[in-house]
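A.B. asks:
Protein chains: 4
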Amino acid sequence: MFVSEFKMRVRYGETDQMGYMYHGNYAQYYEVGRVEALRQLGTSYKALEEEGVMMPVLEIQSKFIRPALYDDEITIRTMLRELPKARVSFEFELLDESGNLLHTATVHLAFVRASDMRPIRCPQSLLEVFKPYFT
Amino acid sequence: MFVSEFKMRVRYGETDQMGYMYHGNYAQYYEVGRVEALRQLGTSYKALEEEGVMMPVLEIQSKFIRPALYDDEITIRTMLRELPKARVSFEFELLDESGNLLHTATVHLAFVRASDMRPIRCPQSLLEVFKPYFT
Amino acid sequence: MFVSEFKMRVRYGETDQMGYMYHGNYAQYYEVGRVEALRQLGTSYKALEEEGVMMPVLEIQSKFIRPALYDDEITIRTMLRELPKARVSFEFELLDESGNLLHTATVHLAFVRASDMRPIRCPQSLLEVFKPYFT
Amino acid sequence: MFVSEFKMRVRYGETDQMGYMYHGNYAQYYEVGRVEALRQLGTSYKALEEEGVMMPVLEIQSKFIRPALYDDEITIRTMLRELPKARVSFEFELLDESGNLLHTATVHLAFVRASDMRPIRCPQSLLEVFKPYFT
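Protein sequences appear in the order of chains S, U, H and R. Using numbering that gives the first Met the number 0, read the first sequence as starting at 0 and increasing by one per residue. Using numbering that gives the first Met the number 0, read the second sequence as starting at 0 and increasing by one per residue. Using numbering that gives the first Met the number 0, read the third sequence as starting at 0 and increasing by one per residue. Using numbering that gives the first Met the number 0, read the fourth sequence as starting at 0 and increasing by one per residue.
#1: Quick one: what does DSSP say H:Gln39 is sitting in, helix, strand or coil?
#2: In the DSSP assignment, what are the bridge partners of R:Glu72?
#3: Checking contacts by CB at 9 Å: is H:Ala67 closer than that to chain R?
#4: Rounded to the nearest angstrom, how far is the Cβ of S:Gln16 from that of H:Tyr69, given a contact under 8 Å?
#5: Decide yes or no for the touch test of the segment 58-65 of chain U against the segment 113-129 of chain U: beta carbon pairs closer than 8 Å, at least 3 of them.
#6: Ordered along the chain, which non-local residues of its own chain (more than five positions away) have a Cβ less than 8 Å from that of U:Asn99?
#7: Let me confirm a value: H:Met0 is counted as buried when at least 16 other C-beta atoms fall within 10 Å, else exposed. Which label applies?
#8: At least one CB of chain R closer than 9 Å to the CB of H:Tyr19: is that the case?
#9: With which residues is R:Pro118 paired in a DSSP beta bridge?
#10: What's the C-alpha gap between S:Met20 and U:Ser88?
#11: Comparing the CB of U:Val87 with every heavy atom of the ligand GDP, is any distance shorter than 8 Å?
#12: Tell me whether R:Leu126 sits in a helix, a strand or coil according to DSSP, three-state version.
#13: In angstroms, rounded to a whole number, what distance separates the CA positions of H:Tyr44 and H:Leu37?
#14: Nearest by alpha-carbon distance to R:Leu101: which of H:Gln27, H:Leu57 and H:Glu49 is it?
#15: With the cut-off set at 9 Å, would you say U:Arg76 and U:Ser3 are in Cβ contact?
#16: Residues of the segment 19-36 of chain S in Cβ contact with chain R at a cutoff of 8 Å, in chain order, please.
#17: With burial defined as no fewer than 16 other Cβ atoms inside 10 Å of the residue's Cβ, what is the status of U:Ala67: buried or exposed?
#18: What whole-angstrom Cβ distance do H:Thr42 and H:Ser124 have, given they're in contact under 8 Å?
#19: Residues of chain U with CB under 8 Å from H:Tyr132, in chain order?
#20: Using 8 Å for Cβ pairs, my map puts R:Leu47 next to R:Leu82. What's the rounded Cβ distance?
#21: For S:Phe5 and R:Phe110, what's the separation of their Cα atoms in angstroms?
#22: Does the beta-carbon of U:Tyr132 have 16 or more other beta-carbons within 10 angstroms, so that it is buried, or is it exposed?
#23: Which class does U:Arg65 belong to by DSSP, given the choice of helix, strand or coil?
#24: What residue range is occupied by the uninterrupted alpha helix (DSSP H) comprising U:Leu47?
#25: Using DSSP with H/G/I as helix, E/B as strand and the rest coil, what is S:Glu81?
#26: Any idea what DSSP makes of U:Glu96, helix, strand or coil?
#27: Is DSSP giving R:Gln60 helix, strand or coil here?
#28: Got a sec? Which residues, its chain only, sit under 8 Å from U:Val31 by beta carbon, not counting five neighbours each side?
#29: With 16 other CB atoms within 10 Å as the buried threshold, where does R:Glu72 fall?
#30: Going by other Cβ atoms of all chains shown within 10 Å of its Cβ, with 16 needed for buried, is S:Arg33 buried or exposed?
#31: Could you work out which residue in R:Thr134, R:Phe129 and R:Leu108 is closest to R:Val52 when comparing CA atoms only?
#32: If you count every other CB in all the chains shown that lies within 10 Å of the CB of U:Ala85, and 16 or more means buried, which is it?
#33: Would you say H:Val9 faces chain R, with C-beta separation under 9 Å as the test?
#34: Report the residues of the segment 63-93 of chain R with a CB closer than 8 Å to any CB of chain H, ordered along the chain.
In structure tokens:
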């Protein structure tokens with residue numbers, strides 16, 4: 000299993016008039032979690048796109064437990080429980096500064112060839128960076 | 000069962016560099032679908048908030064079937080299969096101009112009293128507008 | 000002079016915890032104003048991009064007079080005072096349902112060839128649709 | 000004169016199909032620049048709001064010089080040339096990783112009492128943190 004953490008603060012523009020982070024903005028946090036997880040592994044989503052691979056999102060499941068509030072420093076915990084095949088599933092936990100669990104999510108993504116948007120299997124270069132965590 | 004439809008176009012600012020509507024922007028479409036469904040019923044989410052009721056989101060499940068593209072006029076179909084109780088579950092289908100199904104989602108919301116954010120049951124005023132569809 | 004109007008409602012996700020439409024979201028309203036102005040003229044920004052022309056933004060000036068509030072139906076008035084040349088300048092006024100002026104803005108855009116992002120003059124096809132308003 | 004710098008990366012969700020950071024998203028960068036400038040001074044915008052002071056935006060002027068691209072680490076340079084009075088004017092420069100100037104902006108904000116949204120002068124607590132830079 001691979002686990003990575005990254006911290007980011009809730010922006011004013013991400014709140015809504017309920018005084019919470021708007022529920023529609025959490026997907027950007029999952030995206031940052033994934034991207035920073037790849038960076039910690041020495042690769043990047045940008046590099047994948049430059050190789051001609053894109054990762055469109057197939058499914059998202061989100062649970063809102065406690066609200067994230069303005070200026071809170073949120074920890075995004077990004078987890079991979081299985082090696083990617085034709086698709087990859089990331090799990091996310093969002094925690095506040097006291098370690099309270101605010102939110103969980105699972106995001107399923109495909110791999111496609113950018114030239115024609117046809118599905119492909121997980122690129123070998125990406126598999127290699129995850130493999131050490133699954134032995 | 001209650002069904003409502005509303006059309007809106009994908010804004011340039013909602014696309015991403017994949018050339019698709021960014022996956023994180025769909026939640027705003029569900030929100031518009033719900034809000035316009037209430038308006039078609041002669042009430043509004045704004046009126047609910049003015050009565051002191053808020054509806055935080057508890058869970059979202061989303062499936063991305065085909066991409067929504069820039070300037071497409073998307074039909075948001077908002078469906079309610081059961082009368083709300085302590086919570087309410089809306090189902091959504093997004094369709095393109097040719098009637099192709101692009102996306103489905105289910106959103107579960109709670110009812111809370113704005114003064115203290117404590118859970119309450121669905122307000123009677125809201126139940127009344129839905130009841131004619133469930134007899 | 001060319002003037003066009005389009006109405007759209009402030010989404011919940013566009014508000015912030017001040018209870019106003021977040022100031023960073025107005026630029027999307029200018030974009031919708033421009034795009035719907037072109038559509039009223041029988042063309043579209045999408046068609047321009049398909050012709051290989053893009054219109055990056057060069058400058059924006061915005062004045063916030065009164066707040067736009069959740070669920071308000073905002074009228075976006077899009078104005079063109081001069082025919083486009085190497086660049087084009089749109090002026091915007093945002094009004095609430097009572098006709099109060101909420102916001103003004105000017106947006107200057109360039110024309111570039113999508114293939115190499117090099118500046119070009121305003122495409123003839125676009126000039127033609129504006130010309131009848133400047134005689 | 001007070002100058003502060005903060006770095007943040009362009010999110011995928013902030014790009015548009017032109018392959019650039021969407022022009023409407025820069026205002027969030029100014030906001031983060033201001034907020035982190037206050038934090039570096041030992042105070043915070045959140046603390047101001049908790050004191051009952053809000054800072055609505057009055058005017059924005061933006062110049063787009065070069066595009067910000069996906070995953071670029073942008074330096075936001077936040078500058079204050081004059082002590083705040085009834086309003087405050089921040090200037091911003093956005094730079095890429097090579098130090099190229101991408102974007103400049105000026106944002107003018109008011110101070111209002113949150114209880115009634117009436118204008119007030121800059122709170123003394125905020126003046127104090129800026130004063131050492133203007134002697």
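Idealized CB from N, CA, C, for every residue including glycine.
C.D. replies: With the structure as the only source:
#1: In the three-state reduction of the DSSP assignment, H:Gln39 falls in the helix class.
#2: When beta bridges are read from the DSSP output, R:Glu72 appears opposite R:Arg8.
#3: It does not: the Cβ of H:Ala67 has no partner Cβ on chain R nearer than 9 Å.
#4: Taking a contact as a CB-CB distance under 8 Å, the pair S:Gln16 and H:Tyr69 counts as one, their CB atoms being some 6 Å apart.
#5: Remark: fewer than three beta-carbon pairs, one from each stretch, lie closer than 8 Å, so the segment 58-65 of chain U and the segment 113-129 of chain U are not flagged as touching.
#6: The beta carbon of U:Asn99 is closer than 8 Å to those of Arg65 in its chain, skipping five residues each way along the sequence.
#7: So H:Met0 counts as exposed.
#8: By the rule that beta-carbons nearer than 9 Å mark a contact, H:Tyr19 touches chain R.
#9: DSSP output for R:Pro118 lists R:Val111 as bridge partner(s).
#10: Take the alpha-carbon of S:Met20 and the one of U:Ser88: they are about 21 Å apart.
#11: As presented, the structure is devoid of all ligands, the ligand GDP included, so that no description of it is given.
#12: Note: R:Leu126 maps to helix in three-state DSSP.
#13: Their backbone Cα atoms lie some 7 Å apart in a straight line.
#14: Measuring C-alpha to C-alpha distances from R:Leu101 to each of H:Gln27, H:Leu57 and H:Glu49 identifies H:Leu57 as the nearest.
#15: In this structure, U:Arg76 sits near U:Ser3, with a CB-CB distance shorter than 9 Å.
#16: Within the segment 19-36 of chain S, the residues whose Cβ lies closer than 8 Å to any Cβ of chain R are, in chain order, Ala26, Gln27, Glu30, Val31 and Val34.
#17: Under this definition U:Ala67 is a buried residue.
#18: That pair is a contact at about 7 Å.
#19: The premise fails here: H:Tyr132 is roughly 23 Å from chain U at the closest Cβ pair, so nothing lies under 8 Å.
#20: In fact, because the Cβ distance is near 16 Å, the residues do not count as touching under 8 Å.
#21: Computed Cα separation, rounded: 34 Å.
#22: Exposed is the call here.
#23: Looking at U:Arg65 - three-state DSSP - the assignment turns out to be coil, as it is neither helix nor strand.
#24: Taken as a continuous stretch (DSSP letters only), the alpha helix (DSSP H) holding U:Leu47 covers Tyr44 to Glu49.
#25: Correct three-state label for S:Glu81: coil.
#26: U:Glu96: coil per DSSP, three-state reduction.
#27: The answer is strand: DSSP assigns R:Gln60 an E or B state.
#28: Taken in chain order, the residues that qualify are Phe5, Met7 and Ile75.
#29: Classification for R:Glu72: exposed.
#30: That one is buried.
#31: The shortest C-alpha separation from R:Val52 is found at R:Leu108.
#32: Exposed, since its Cβ has fewer than 16 Cβ neighbours within 10 Å.
#33: Taking 9 Å as the threshold, the shortest C-beta distance from H:Val9 to chain R does not fall below it.
#34: So the close ones are Phe63 and Pro66.
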